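Position 118 of the sequence shown, counting from 1, maps to 392 under the numbering used here, and the rest follow consecutively. Glycine is no exception: its CB is placed at the ideal position from the N, C-alpha and C atoms. This one's a predicted model, so the numbers in the text were calculated from it and none came from an experiment.
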Amino acid sequence: SAGVAMSAERLLIALSVGSGPGRVTLSTGADSEADHPFSSQMCRAAFYAGKVVWCNATHPSGVLEGVPLPLKTAVGIPLCSAASPHADALVLYSLRPLKQCPLTTNLLTHLQLLATAADV
């Protein structure tokens, strides 16, 4: 049986959030996947569901478990194209808790369609 093989070709991971607005410390490249295993879990969830998946923190601390940053929401978007044998996923994170609503889901679905059409 064929399984799912994950490879981190383009991975951009923040290791810490600085004190100023927009300041982060980054870990990049294929070897950085171990720094952020939650991204792999979100990718797998998006691939399995075949649609946008939404994850909000449920831990009493108010942050996502297994993430070394104070992140409160994660969204996984599968990107698949009939023109390409490969599938990618885009994982977005928020420092604020964000609620899923029809407008946001619609926007993310359109982002998914645009990225797939562009064969990113």
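Shown here, T379 sits in a helix according to DSSP, grouped into three states. Judged by beta-carbon spacing, Q315 lies beyond the 8 Å limit of L353, meaning their Cβ atoms are not closer than that value. For P311, the enclosing alpha helix (DSSP H) has its first and last residue at P311 to A323. For the set T379, H360, R318 and C329, the Cα lying nearest the Cα of R370 is the one of C329. Excluding the 5 residues flanking it on each side, A331 has same chain C-beta neighbours closer than 8 Å at V337, L338, E339, L345, K346, T347 and P371, in chain order.
At least 8 Å separates the beta-carbon of V349 from that of C317. Note that the C-beta distance between A389 and F321 is not below 8 Å.
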